[in-house]
Amino acid sequence: MLLKDLYSKEFLEELSREIRKEYSNFSEDKFVNACLATEWEDLKLMERSDVIVQKLHDQFPNDFEQTAPILLSIGSKFTGLAATCLPNYVAKYGLNDWDVSMQVLKILTQYSSAEFAIRPFLVKYPKITNDLMLTWSEDSNEDVRRLSSEGSRPRLPWGIRLNQYIKDPIPVMGILEKLIFDKSIYVQKSVANNLNDISKDNPEEVIKFAQRHWHQTERADWIITHGLRTLFKQGNPEVLKLLGYDNEVLEKLKEINFGVNKSKIKIGETSTLNYSFKNDDKLHLPVYIGYRVHYVRQNEKHSYKDFFVKKTDLKGKQLISGSTKIKWKQLSTRKLYPGHHVIDLLVNTKVVASIGIELEKG
Numbered sequence: 001m002l003l004k005d006l007y008s009k010e011f012l013e014e015l016s017r018e019i020r021k022e023y024s025n026f027s028e029d030k031f032v033n034a035c036l037a038t039e040w041e042d043l044k045l046m047e048r049s050d051v052i053v054q055k056l057h058d059q060f061p062n063d064f065e066q067t068a069p070i071l072l073s074i075g076s077k078f079t080g081l082a083a084t085c086l087p088n089y090v091a092k093y094g095l096n097d098w099d100v101s102m103q104v105l106k107i108l109t110q111y112s113s114a115e116f117a118i119r120p121f122l123v124k125y126p127k128i129t130n131d132l133m134l135t136w137s138e139d140s141n142e143d144v145r146r147l148s149s150e151g152s153r154p155r156l157p158w159g160i161r162l163n164q165y166i167k168d169p170i171p172v173m174g175i176l177e178k179l180i181f182d183k184s185i186y187v188q189k190s191v192a193n194n195l196n197d198i199s200k201d202n203p204e205e206v207i208k209f210a211q212r213h214w215h216q217t218e219r220a221d222w223i224i225t226h227g228l229r230t231l232f233k234q235g236n237p238e239v240l241k242l243l244g245y246d247n248e249v250l251e252k253l254k255e256i257n258f259g260v261n262k263s264k265i266k267i268g269e270t271s272t273l274n275y276s277f278k279n280d281d282k283l284h285l286p287v288y289i290g291y292r293v294h295y296v297r298q299n300e301k302h303s304y305k306d307f308f309v310k311k312t313d314l315k316g317k318q319l320i321s322g323s324t325k326i327k328w329k330q331l332s333t334r335k336l337y338p339g340h341h342v343i344d345l346l347v348n349t350k351v352v353a354s355i356g357i358e359l360e361k362g
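If you're matching positions, the sequence shown starts at 1 in UniProt numbering and goes up one per residue.
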């Protein structure tokens, strides 16, 4: 099932039935037909959400204070990504009523997520909304705490970009300071993703944060490691050092071999990569092994993606060998094109060997 199909005709009918129970002036058929009368089949997930919001507003009271109780009464009956259309309604039609909207979003986020809906309020009311999210970071409910982080991510996918935090991430860092020791894995993942967002524009702030909290707790280390993933892939020397990886690894590796089982492969088939190398130093060497595929794009240029293989410690003079597989299958997020593909062997983010294969039509 495609993501957009979360908003199916059945969902529209269920949503309208629940609304009708709480708001007798609501016409179920009118709402469903109005949504489907658009170019519904061609619309993506968030575009369908926008249509739902608009068609709800066509029948809801114009006064948001009168609409808020309707949203709250049905909020607990819908969960997951599809239910984000309800907080998205708040973002569009409650923007001029900050107090009521914040109360509604705090409740709705406990059933879906208000991570997209909170962002227009951060743009229009940056100080008071950030202050509230700082308070939410200490809430007893993990969904509310997560919202304080996820909603403030500068580059949240599908969400509007928060340029004020790209320019100055300090207000967000204050929230993350309160969440770095949070015990909820749900919250921890959000904190890591927020740090990774910030690192793309303000790496120095994230590195300072990481150095300050490194080795304080096991879970804090997990958050930091995942939050530094972009800087790690870029081979940032401070990050490599913090995580325990030698930035000068090329000087210590010998007998490097890297190969593939077939020099020609068809889309839909699987390649096996084989590698081996030796730690020529007398001391142990932590290594992070991966590979990079340079994909042929439609315009015959290339774009690359890195893949993780394993982490291990090599003793002095130790030789390591291993293999990994590449499945050349079409994905909705990455379309494969025939042509010459280059694959790099990565050790501690450094390219230590490269091979080429010809990808052919399946």
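Positions of the beta carbon are idealized from the N, C-alpha and C atoms, including for glycine. The structure displayed is predicted, hence computed values, not measured ones.
As assigned by DSSP and simplified to three states, the class of T135: For T135, the three-state secondary structure derived from DSSP is helix.
Three CB pairs or more closer than 8 Å across the region 345-356 and the region 284-304: In short, these stretches touch, since the Cβ pair count reaches three.
Run the proximity test for I128: is its beta-carbon closer than 8 Å to any non-hydrogen atom belonging to the ligand SAH? This structure simply doesn't include the ligand SAH, nor any ligand for that matter.
Only counting runs of 4 or more residues, tell me where the alpha helix (DSSP H) segments fall wholly within the region 236-260, in order along the chain. Here the runs fully enclosed are 237-242.
Is the region 298-306 close to the region 315-325, with three or more CB pairs under 8 Å? For the pair of segments examined, the region 298-306 was found not to touch the region 315-325: the number of CB pairs separated by less than 8 Å stays below three.
Below 7 Å CB to CB, which residues in the same chain sit around G362 once its five sequence neighbours on both sides are set aside? Hits under 7 Å: K266, I267, G268.
If you follow the alpha helix (DSSP H) that H226 is in, where does it begin and where does it stop? The continuous alpha helix (DSSP H) containing H226 extends over residues 218-227.
Does the region 186-194 touch the region 216-234, meaning 3 or more C-beta pairs lie closer than 8 Å? Judged by Cβ distances under 8 Å, the region 216-234 makes contact with the region 186-194, as three or more pairs qualify.
What is the DSSP secondary structure of T324, counted as helix, strand or coil? Three-state DSSP puts T324 in a strand.
When DSSP builds the beta bridges, which residues end up paired with V293? DSSP output for V293 lists K305, I343 as bridge partner(s).
So, using beta-carbon positions, are G151 and E115 closer together than 9 Å? Contact flag set, yes.
DSSP-derived helix/strand/coil call for R20: Here R20 sits in helix by DSSP.
Spatial neighbours of G94 within its chain, please: CB distance less than 6 Å, with the 5 preceding and 5 following residues excluded, ordered by chain position. Here G94 has F64, S101 as same chain residues with Cβ atoms under 6 Å from its own Cβ, once five neighbours each way along the sequence are excluded.
Count the CB pairs spanning the region 53-64 and the region 77-95 that are closer than 8 Å, and state whether there are at least three. Enough Cβ pairs lie closer than 8 Å, so yes.
Is the beta carbon of S332 less than 9 Å from the beta carbon of V342? No, Cβ-Cβ distance for S332 and V342 is not below 9 Å.
Since I believe S137 is in contact with K178 (beta carbons under 8 Å), could you give me their beta-carbon distance rounded to a whole number of angstroms? With a beta-carbon spacing of about 4 Å, K178 and S137 fall inside the 8 Å limit used to define contacts.
Classify A82: buried if its beta carbon has 16 or more other beta carbons within 10 angstroms, exposed otherwise. Result: buried.
Residues of its chain near N261, where Cβ-Cβ distance is below 7 Å and the 5 sequence neighbours each way are ignored: Here the set comprises S271, T272.
What are the boundary residues of the alpha helix (DSSP H) that T38 is part of? According to the DSSP assignment, T38 belongs to no alpha helix (DSSP H), since it is labelled neither H nor E.
Mind checking who P286 pairs with in its DSSP beta bridge? The partner list for P286 (beta bridge, DSSP) reads D313.
With a Cβ-Cβ cutoff of 9 Å, do L45 and K4 count as a contact? Between L45 and K4, the CB-CB gap stays under 9 Å.
Pick out whichever of V352, H340, D281 has its Cα sitting closest to the Cα of L250. Of the residues V352, H340, D281, the one whose Cα lies closest to the Cα of L250 is V352.
Under 9 Å, do E238 and I198 count as touching if we go by C-beta distance? Going by beta carbons, E238 and I198 fall outside the 9 Å limit.
Are the Cβ atoms of L240 and D280 separated by less than 9 Å? Note that the C-beta distance between L240 and D280 is not below 9 Å.
Could you pull the start and end residues of the beta strand (DSSP E) that K264 belongs to? 264-266 is the span of the beta strand (DSSP E), which, as asked, contains K264.
DSSP state of F277 mapped onto helix, strand, coil: Strand, per DSSP.
Along the alpha helix (DSSP H) that carries E65, what are the first and last residues, could you check? That run of the alpha helix (DSSP H) goes 64-75.
What residue range is occupied by the uninterrupted beta strand (DSSP E) comprising M353? A small fix is needed here, since residue 353 is Ala in this sequence, not Met. Taken as a continuous stretch (DSSP letters only), the beta strand (DSSP E) holding A353 covers 350-360.
Which whole-angstrom value describes the C-beta separation of Y7 and S49, a residue pair presumed to lie in contact below a C-beta threshold of 8 Å? Confirmed, about 7 Å.
List the residues that DSSP assigns as beta-bridge partners of T272. Note: T272 sits in a beta bridge opposite K325.
How close, in whole Å, do the beta carbons of N196 and T230 come, if the pair is a contact with beta carbons under 8 Å? Here N196 really is in contact with T230; their C-beta atoms are around 5 Å apart, less than 8 Å.
Would DSSP call L331 helix, strand or coil? L331 falls in the strand class under three-state DSSP.
Kindly indicate which residue of K325, G316, K315, V296 has the alpha-carbon position closest to the one of F308. The shortest C-alpha to C-alpha distance from F308 to any of K325, G316, K315, V296 is the one to K325.
Do W158 and F121 come within 9 Å of each other at the CB atom, strictly closer than that value? No, they are not a contact pair.
Compare the beta carbon distance of L108 and V123 with 9 Å and say whether it is the shorter of the two. With respect to V123, L108 sits apart: the two C-beta atoms are not nearer than 9 Å.
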